[in-house]
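*Asks:*
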Amino acid sequence: MARRERLGDILLETTGVTERDIEFALEHQKAVGERLGKILLDKGLIRPVDLLRALARQAGVRFVDLDDFPVDWSVAQSVPLAMARRHRALPVAYEDEKVVVAMANPADVLALDDLRTMLRREVIVALVDPAQLSAALDRAASSEAEVAEALEAAAEEADDVAGPQELIADTVAEAPIVRFVQAVIARAVAGRASDVHVEPDEKGLRVRLRIDGVLHDAMRAPASLKAGIVSRIKVMADLDIAERRLPQDGRTRVRTGGRTVDMRVATVPTVFGEAAVLRLLDTKETGHSLADLSMDPGVLERWESAYKRPWGAILVTGPTGSGKTTTLHATLSELNEEHRNLMTIEDPVEYQLSGVKQVQVNVAAGLTFASALRSFLRADPDVMLVGEIRDHETAVIAAEASLTGHLVLSSLHTNDAASAPLRLTEIGVAPFLVTSAVQAVLAQRLARKLCDRCRAPYEPNDVELSEARWPSGWPTPEFHRAVGCQACSATGYRGRLAVHEVMLMTEPLRRLVLERAGADAVRRQAVEDGMVPLWQDGLKKVASGLTTVEELARVVT
Numbered sequence: 009m010a011r012r013e014r015l016g017d018i019l020l021e022t023t024g025v026t027e028r029d030i031e032f033a034l035e036h037q038k039a040v041g042e043r044l045g046k047i048l049l050d051k052g053l054i055r056p057v058d059l060l061r062a063l064a065r066q067a068g069v070r071f072v073d074l075d076d077f078p079v080d081w082s083v084a085q086s087v088p089l090a091m092a093r094r095h096r097a098l099p100v101a102y103e104d105e106k107v108v109v110a111m112a113n114p115a116d117v118l119a120l121d122d123l124r125t126m127l128r129r130e131v132i133v134a135l136v137d138p139a140q141l142s143a144a145l146d147r148a149a150s151s152e153a154e155v156a157e158a159l160e161a162a163a164e165e166a167d168d169v170a171g172p173q174e175l176i177a178d179t180v181a182e183a184p185i186v187r188f189v190q191a192v193i194a195r196a197v198a199g200r201a202s203d204v205h206v207e208p209d210e211k212g213l214r215v216r217l218r219i220d221g222v223l224h225d226a227m228r229a230p231a232s233l234k235a236g237i238v239s240r241i242k243v244m245a246d247l248d249i250a251e252r253r254l255p256q257d258g259r260t261r262v263r264t265g266g267r268t269v270d271m272r273v274a275t276v277p278t279v280f281g282e283a284a285v286l287r288l289l290d291t292k293e294t295g296h297s298l299a300d301l302s303m304d305p306g307v308l309e310r311w312e313s314a315y316k317r318p319w320g321a322i323l324v325t326g327p328t329g330s331g332k333t334t335t336l337h338a339t340l341s342e343l344n345e346e347h348r349n350l351m352t353i354e355d356p357v358e359y360q361l362s363g364v365k366q367v368q369v370n371v372a373a374g375l376t377f378a379s380a381l382r383s384f385l386r387a388d389p390d391v392m393l394v395g396e397i398r399d400h401e402t403a404v405i406a407a408e409a410s411l412t413g414h415l416v417l418s419s420l421h422t423n424d425a426a427s428a429p430l431r432l433t434e435i436g437v438a439p440f441l442v443t444s445a446v447q448a449v450l451a452q453r454l455a456r457k458l459c460d461r462c463r464a465p466y467e468p469n470d471v472e473l474s475e476a477r478w479p480s481g482w483p484t485p486e487f488h489r490a491v492g493c494q495a496c497s498a499t500g501y502r503g504r505l506a507v508h509e510v511m512l513m514t515e516p517l518r519r520l521v522l523e524r525a526g527a528d529a530v531r532r533q534a535v536e537d538g539m540v541p542l543w544q545d546g547l548k549k550v551a552s553g554l555t556t557v558e559e560l561a562r563v564v565t
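Take the sequence shown: its letters are residues 9 to 565, numbered as in my numbering.
1. What's the gap between the Cα of residue 216 and the Cα of residue 318?
2. Between residue 535 and the rest of its own chain, which residues show a CB-CB distance below 7 Å, the 5 nearest in sequence each way excluded?
3. According to DSSP, simplified to helix, strand and coil, what is residue 71?
4. List the whole-angstrom C-beta distance separating residue 478 from residue 547, where the pair is believed to meet the contact cut-off of C-beta under 8 Å.
5. For a quick check, are the C-beta atoms of residue 193 and residue 271 less than 9 Å apart?
6. Does residue 331 pass the burial test, meaning 16 or more other C-beta atoms within 10 Å, or should it be called exposed?
7. State buried or exposed for residue 24, treating a residue as buried only when at least 16 other CB atoms are found within 10 Å of its CB.
8. So, is residue 436 buried or exposed, given that buried needs 16 or more other C-beta atoms within 10 angstroms?
9. If we count Cβ pairs, one from each stretch, closer than 8 Å, do we get three or more for the stretch 485 to 500 versus the stretch 516 to 529?
10. Grab the span of the alpha helix (DSSP H) containing residue 509 for me, first residue to last.
11. Would you call the stretch 310 to 328 in contact with the stretch 445 to 462, where contact means no fewer than 3 C-beta pairs closer than 8 Å?
12. Determine the closest residue to residue 489 out of 500, 390, 244 and 128, with distance taken between C-alpha atoms.
13. According to DSSP, what are the bridge partners of residue 35?
14. With three or more C-beta pairs closer than 8 Å as the rule, is the stretch 302 to 322 touching the stretch 350 to 358?
15. Once you ignore the five residues that flank residue 367 on each side, which residues in its own chain have a CB closer than 6 Å to its CB?
16. Mind reading off the beta-carbon distance from residue 411 to residue 445? Whole number of angstroms is fine, and I expect it under 8 Å.
17. Residue range of the alpha helix (DSSP H) that residue 533 falls in?
18. Could you tell me which of 426, 422, 376 and 424 sits nearest to residue 405, measuring between CA atoms?
19. Exposed or buried, residue 311, counting other C-beta atoms within 10 Å across all chains shown (16 or more means buried)?
20. Buried or exposed: which applies to residue 176, given that a residue is buried once 16 or more other Cβ atoms fall within 10 Å of its Cβ?
21. Quick one: which unbroken beta strand (DSSP E) runs of 3-plus residues sit fully inside the stretch 72 to 120? Chain order, please.
22. Checking 9 Å against the spacing of the C-beta atoms, do residue 67 and residue 135 come in under that value?
23. Compute the Euclidean distance between the alpha carbons of residue 249 and residue 57, then round it to the nearest angstrom.
24. For a test of the three-state rule: what should DSSP assign to residue 303, helix, strand or coil?
25. Check whether the Cβ atoms of residue 273 and residue 259 lie closer than 9 Å to each other.
26. Can you give, in chain order, each stretch of the alpha helix (DSSP H) that sits fully within the stretch 285 to 364 and has at least 4 residues?
27. Mark residue 334 as exposed unless 16 or more other C-beta atoms lie within 10 angstroms of its C-beta, in which case mark it buried.
28. Helix, strand or coil for residue 563 per DSSP?
29. Given residue 171, which residues of its chain have a CB within under 7 Å of its CB, disregarding the five upstream and five downstream residues?
30. Out of 448, 232, 234 and 363, which has the shortest C-alpha to C-alpha gap to residue 314?
31. Could you spell out where the beta strand (DSSP E) holding residue 227 opens and where it closes?
32. Do the stretch 29 to 36 and the stretch 93 to 113 meet, that is, are 3 or more Cβ pairs less than 8 Å apart?
33. Given a cut-off of 9 Å on the beta-carbon distance, is the pair residue 378 and residue 399 in contact?
34. For residue 174, which residues from the same chain have a beta carbon less than 6 Å from its beta carbon, with the 5 sequence-adjacent residues on both sides left out?
35. Secondary structure at residue 488, three-state DSSP: helix, strand or coil?
36. Can you tell me the Cβ-Cβ gap for residue 397 and residue 420, rounded? I've got them flagged as a contact below 8 Å.
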C-alpha cells in the first residue's frame with residue numbers, strides 16, 4: 009500500500025509556501041488544534057484553490073474547478089436534485105462510459121454507493137469547492153428543463169380555469185405556479201442577478217435578469233399565466249392581489265440554495281397587465297468596506313480626508329444604481345467606533361450595520377427624512393446618514409446639522425461631483441449655506457469588471473488611444489478585450505467595480521459657488537485643485553486590466 013503524501017509536502021511542491029511557513033503552521037496547530045490547511049489559509053499563505061488541489065491529490069482523486077469545467081447539464085439532471093443536495097454531489101460529465109461526479113466530500117462512501125445505484129455506471133470521483141457546488145446545484149434547480157416542466161404544468165391547469173380573474177387567488181397557490189416563481193428566483197440568485205424584471209407584453213410574459221448592471225433575457229411564459237405569476241409574487245410580498253390599477257411596493261424574505269435573500273417587490277400596471285420588479289439583497293452582505301470598492305489610492309486618500317473630519321456634510325452622487333448606498337455604508341463602517349453615536353434614516357434599510365441606529369422612512373406614519381433628522385438632533389448623534397436629499401427641507405436641515413458639530417453623510421442625484429453645489433442651490437439651499445456645510449462630494453459609476461479567466465490582452469494603436477482620450481503624458485498601456493467563458497456566462501465580464509471622482513471644497517470653489525457659477529466652471533476649478541475626473545479614474549482601471557474602454561464609455565459620458 010502506497011504511503012499517503014503529507015499535505016505540507018504537497019503544498020511545498022505546488023505552491024509558494026516555504027518550509028518555515030509549514031513549520032510555523034504546525035507549531036500553531038499544536039497550540040490551537042486547527043487543521044494545517046485552515047491555518048495557512050487564515051494567514052494568507054495559500055489560496056483556497058491551492059488547498060483544494062492539494063487535498064484532492066492527497067486523497068487520490070481529481071480536482072474540478074466548476075468555473076472552468078464545462079458542466080453537461082443533461083448529465084447533472086440524471087440524479088434527482090434532492091439526492092444531489094443531500095449527498096453534496098453533482099454528476100458533471102461522461103468520460104469513457106463513466107460519470108464524473110463532483111463532490112464536496114469524496115470520502116462519503118454511502119453517498120457513492122447511492123450514486124452508483126442511481127446512475128448504473130462507474131463513477132469517477134472529483135473534489136470540488138463547496139461554494140461552487142452550491143452554485144451549480146442552484147443552476148441545476150433553475151434549469152430550463154425544470155422551468156419548462158413547471159410552465160407546462162401551470163399552463164395545463166390555467167386552461168382548466170374558467171373566469172381567470174375570479175379564481176386567481178386560488179390558482180396562485182397551485183404547485184406549478186409556485187415552482188415556476190421559485191425557479192425564477194433560484195436562477196436569479198445563482199446567476200448573481202440584482203434584479204428580476206417580470207414584464208407582460210402582447211405575446212405573454214418576459215422575464216429578464218439584471219446581472220452586473222445589464223439586463224439579460226432569461227425565459228418566457230404564455231399569456232394565460234401572466235396574471236397568476238404576478239399574483240403569486242404579490243402574495244409573497246403581502247400585497248393586495250385584487251388591486252391591479254395602482255402601483256404597489258412590498259418586501260419579503262426567501263431562502264434558496266442554502267442562502268437567505270431579502271426581496272423588495274414593486275408592481276406597476278401596464279397596458280398588457282401588471283409588471284413586477286424584484287430587487288434581490290443577499291442578507292449575508294451586511295456591509296462593505298472601502299477596501300472592497302476598488303478606489304484608486306489617491307481617490308481614497310482624498311475621501312478619507314473628508315470623512316475623518318468631525319463635522320460637515322459629505323455627499324455621494326450618481327444616477328440610480330451607481331452604488332451610492334454601498335459607498336455610504338462602507339464609509340459609515342469606517343466611522344463605526346465605540347466612542348461615536350451613529351444614526352441613519354434610509355428608504356429602505358438595505359444593509360444592517362451592527363452598532364448603528366438605523367431608521368426606515370415611513371411616510372404614512374409621518375416619518376420622513378426631514379422629520380427623522382429633527383429627531384436625531386435631539387438624540388446626541390456624532391454621525392448621521394441621510395439616505396437621500398430629495399427636497400428643500402431635508403437639504404436645509406442636513407446642512408444646518410453639519411454646521412452644529414455633526415458629520416452628515418448623504419446621497420444626491422447628479423451626474424458628477426461639480427453639479428452637486430448647483431443642485432443644492434436649485435432646491436432652495438442658500439449658496440452661503442452650501443459653501444459652509446459641504447466639505448466634499450464623491451461621484452461614481454459602476455462598470456462591469458473583466459472576467460479574470462478569459463480576458464485577452466492587446467496593444468492599442470494610436471487611433472484607439474485617441475478615441476479613449478488617453479492623456480498624452482501617461483505611458484502607453486496594455487488594454488484587454490472581453491472574450492467570454494463558462495465562468496462569466498460567455499459575456500466576458502464578471503462582477504462590477506466603481507470609478508470615482510472626489511471634489512474637495514477649496515476656497516476657489518467656494519467663491520465660484522457663491523457667485524452661482526455653472527457646473528463647467530466648478531469642474532475646471534476642481535480639476536485644477538487636484539480632482540481626477542471619472543473618465544481618467546476609469547482609464548487607470550482600463551490600464552490595470554480591470555475593465556474595457558467600451559464598458560467605461562457605456563457608464564461614463
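Cβ coordinates follow ideal geometry from the N, Cα and C atoms, glycine included.
*Replies:* Once the coordinates are examined:
1. 45 Å
2. 541
3. strand
4. 7 Å
5. yes
6. When all chains shown are included, residue 331 counts as buried.
7. exposed
8. exposed
9. no
10. It is not in any alpha helix (DSSP H) - residue 509 instead sits in the beta strand (DSSP E) that spans 501 to 512.
11. Remark: three or more beta-carbon pairs, one from each stretch, lie closer than 8 Å, so the stretch 310 to 328 and the stretch 445 to 462 are flagged as touching.
12. 500
13. Under DSSP, no beta-bridge partner is assigned to residue 35.
14. no
15. 353 and 380
16. 6 Å
17. 527 to 536
18. Of the listed residues, the one whose Cα sits closest to residue 405 is 376.
19. buried
20. Because the pLDDT at residue 176 is just 45, under 50, the model does not fix this residue reliably, and the value given afterwards should be weighed accordingly. Buried.
21. Taking only runs of at least 3 residues, the beta strand (DSSP E) segments lying wholly in the stretch 72 to 120 are 97 to 103 and 106 to 111.
22. yes
23. 48 Å
24. coil
25. yes
26. 305 to 315 and 332 to 343
27. buried
28. helix
29. Model confidence at residue 171 stands at a pLDDT of 44, short of 50, so the residue's coordinates are unreliable and nothing is read from them.
30. 448
31. 222 to 230
32. no
33. yes
34. At residue 174 the pLDDT is 42, less than 50, meaning the model places this residue with poor confidence; the figure from the coordinates comes in the next sentence. Contacts found: none.
35. strand
36. Contact between residue 397 and residue 420 holds: their C-beta atoms lie close to 5 Å from each other, under 8 Å.
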